[in-house]
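Residue numbers (my numbering): 872 to 1129.
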Amino acid sequence: MSNNPFNNPNLIPGVFNYCDRWCERCPLTSRCLTFITLNDCLNKNESKDNQNRKFWEKLNELYDTTYNMMDKFIPDDEEDLFPEPDDEEKAEIMKQQEDIDNKVEENECNILSQKYSNQVMNWFEKNEKLLNEKENALKNERTDLPSKNPYLEAFDLKDAADIILYYGFFISAKVNRALHGLFDECEEEFDDMPKDSDGSAKIGLIAIDRSIAAWGEIYYRFPEQEVIEFVLLLDKLKRLLELSFPNAKNFIRPGFDE
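Here's what the structure looks like:
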């Protein structure tokens, strides 16, 4: 039997294109080519150097496998497939990209997402000690109430913090990608096709919803105005994204929405 991961019939094609890259929390890792190929070469009993060496060896194998698989589609004269643009065309491409970058930079969704990312990091830097103290206090707390489990509550608090931190920069990255796609897409060519920008916006919206829920858990422990302001900021960003990408919620992510 071939060990080629591309031959695995259980894989979901493209499942990794619109995920949140949080493999430790993903229910579809056993059907994800990216996870299988990169995780296959890692062994917790090995040194980090050996793990890294195997990682790059595995990647080289995949490179060779991919090229062998695609070889029949590549013409003898590769210039026919990828013609080199002349200087005028290069200048035009660079100008178009610069215009798109400027539009993204000035877009309110991008501004809000960047603001949120920066403020999240600042808040956790300022409150890290307080969060750790609260978590440890819950773990050490004793209670006779059967409905109350301080130890589990400590894990709820840690999970909430992990979610907010993980998605802190993820949200702004997905908003940025979605906006670049939106301004770069040609309407005539993509009218009847799912748009990558909608897929990026959708996973961004999912990350926003999860972050709002996590902030609710934080607020339960730390009822501060600053926490409420994070939720309000995310809610505003969510509404603006939904207006900018009205079809995002209808985008079908392979594996997750099927």
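Just so you know, even glycine gets a beta-carbon here, dropped at the ideal spot from N, CA and C. Computed from a predicted structure; not experimentally measured.
- Item | Straight-line Cα distance separating PRO898 from LEU1154 | Residue 1154 falls outside the range modelled here, since the chain spans only 872 to 1129, and no answer is possible.
- Task: Starting from the C-beta of ASN1121, find all residues in its chain whose C-beta is less than 8 Å away, skip the five residues before and the five after it, and write them out in chain order.
- Result: Your numbering for residue 1121 matches position 250 in the sequence shown. Contacts found: ASP1069.
- Task: With DSSP collapsed to three states, give me the class of TRP994.
- Result: The count along the sequence shown starts at 1 and reaches residue 994 at position 123. Three-state DSSP puts TRP994 in a helix.
- Task: Can you tell me which of the three DSSP states ASN1121 falls into?
- Result: For the purposes of this step, residue 1121 is identified with residue 250 of the sequence shown, where counting begins at 1. Note: ASN1121 maps to helix in three-state DSSP.
- Message: Among the candidates GLU996, SER901 and GLU976, whose CA atom is the shortest distance from the CA of PHE1054?
- Response: For this step, residue 1054 is matched to residue 183 along the sequence shown. With distances taken between Cα atoms, PHE1054 lies closest to GLU976.
- Task: Thinking ILE1042 and ALA1085 are a contact (beta carbons under 8 Å), I'd like their distance in whole angstroms, please.
- Result: Start at 1 with the first residue of the sequence shown, and residue 1042 comes out as number 171. Start at 1 with the first residue of the sequence shown, and residue 1085 comes out as number 214. Going by Cβ atoms, the distance from ILE1042 to ALA1085 rounds to 12 Å, so no, they are not a contact pair.
- Compute the Euclidean distance between the alpha carbons of VAL1046 and TYR1037, then round it to the nearest angstrom. Taking the sequence shown and counting its residues from 1, one reaches residue 1046 at position 175. Taking the sequence shown and counting its residues from 1, one reaches residue 1037 at position 166. Looking at the two C-alpha atoms, the distance is approximately 15 Å.
- Item | Selected residue, minimal CA-CA separation from ALA1044, among ILE1123, LEU983 and ALA1031 | Along the sequence shown, one-based indexing puts residue 1044 at 173. In this structure, LEU983 is the residue among ILE1123, LEU983 and ALA1031 with its C-alpha nearest to the C-alpha of ALA1044.
- Query: Under the rule that 16 or more other beta-carbon atoms within 10 Å means buried, what is ASP1106, buried or exposed?
  - Reply: Counting from one through the sequence shown, the residue named residue 1106 turns up at place 235. The C-beta of ASP1106 has fewer than 16 other C-beta atoms within 10 Å across all chains shown, which makes the residue exposed.
- Which of helix, strand or coil DSSP assigns to ASP970: Mapped onto the sequence shown, residue 970 falls at position 99. The three-state reading of DSSP puts ASP970 in helix, counting H, G and I together.
- Other residues of its chain near LYS974: CB distance less than 7 Å, five sequence neighbours each side excluded: Your numbering for residue 974 matches position 103 in the sequence shown. Correct list, in chain order: PHE1054.
- Please classify ASN1118: is it buried, with 16 or more other beta-carbons within 10 angstroms of its beta-carbon, or exposed? Position 247 of the sequence shown, counting from 1, holds the residue named residue 1118. Exposed.
- Report, in whole angstroms, the separation of the C-beta atoms of PRO1125 and VAL886, which I expect to be a contact under 8 Å. The residue you call residue 1125 lines up with position 254 of the sequence shown. The residue you call residue 886 lines up with position 15 of the sequence shown. Beta-carbon to beta-carbon, PRO1125 and VAL886 are separated by about 5 Å, close enough to satisfy the 8 Å threshold.
- DSSP state of MET965 mapped onto helix, strand, coil: Against the sequence shown, residue 965 aligns to sequence position 94. In the structure shown, MET965 sits in a helix (DSSP, three-state: H, G or I).
- Item | Whole-angstrom C-beta distance between LEU1112 and LEU1076, which should lie under 8 Å | Residue mapping note: residue 1076 aligns to position 205 of the sequence shown, counting from 1. Residue mapping note: residue 1112 aligns to position 241 of the sequence shown, counting from 1. Right, their Cβ atoms sit about 6 Å apart.
- Can you grab the Cα-Cα spacing for the pair GLU1129 / ILE971, in whole Å? Position 258 of the sequence shown, counting from 1, holds the residue named residue 1129. Position 100 of the sequence shown, counting from 1, holds the residue named residue 971. Going by C-alpha positions, GLU1129 is about 33 Å away from ILE971.
- Three-way DSSP call (helix, strand, coil) for LEU1112 in this model: Locating residue 1112 in the sequence shown gives position 241, counting from the first residue. Three-state DSSP puts LEU1112 in a helix.
- Query: According to DSSP, is LEU899 helix, strand or coil?
  - Reply: Numbered from its first residue, the sequence shown carries residue 899 at position 28. Three-state result, LEU899: coil.
- Item | Length of the line joining the Cα atoms of CYS894 and ASP1030 | By one-based count along the sequence shown, residue 894 stands at place 23. By one-based count along the sequence shown, residue 1030 stands at place 159. Rounded to the nearest angstrom, the two C-alpha atoms are 15 Å apart.
- Query: Using DSSP with H/G/I as helix, E/B as strand and the rest coil, what is ASP957?
  - Reply: To locate residue 957, count along the sequence shown from 1; it is residue 86. In this structure, DSSP gives ASP957 a state outside helix and strand, which the three-state scheme calls coil.
- Message: Using only CA atoms, which one of ILE1123, SER1115 and PHE1127 lies nearest to ASN981?
- Response: For this step, residue 981 is matched to residue 110 along the sequence shown. Ranking the options by Cα distance to ASN981, first place goes to SER1115.
- LYS1045, DSSP secondary structure in three states: On the sequence shown, position 174 is the one that residue 1045 refers to. It is helical.
- Message: Classify LEU1108: buried if its beta carbon has 16 or more other beta carbons within 10 angstroms, exposed otherwise.
- Response: Your numbering for residue 1108 matches position 237 in the sequence shown. Under the 10 Å beta carbon count, LEU1108 is surrounded by 16 or more other beta carbons and is classified as buried.
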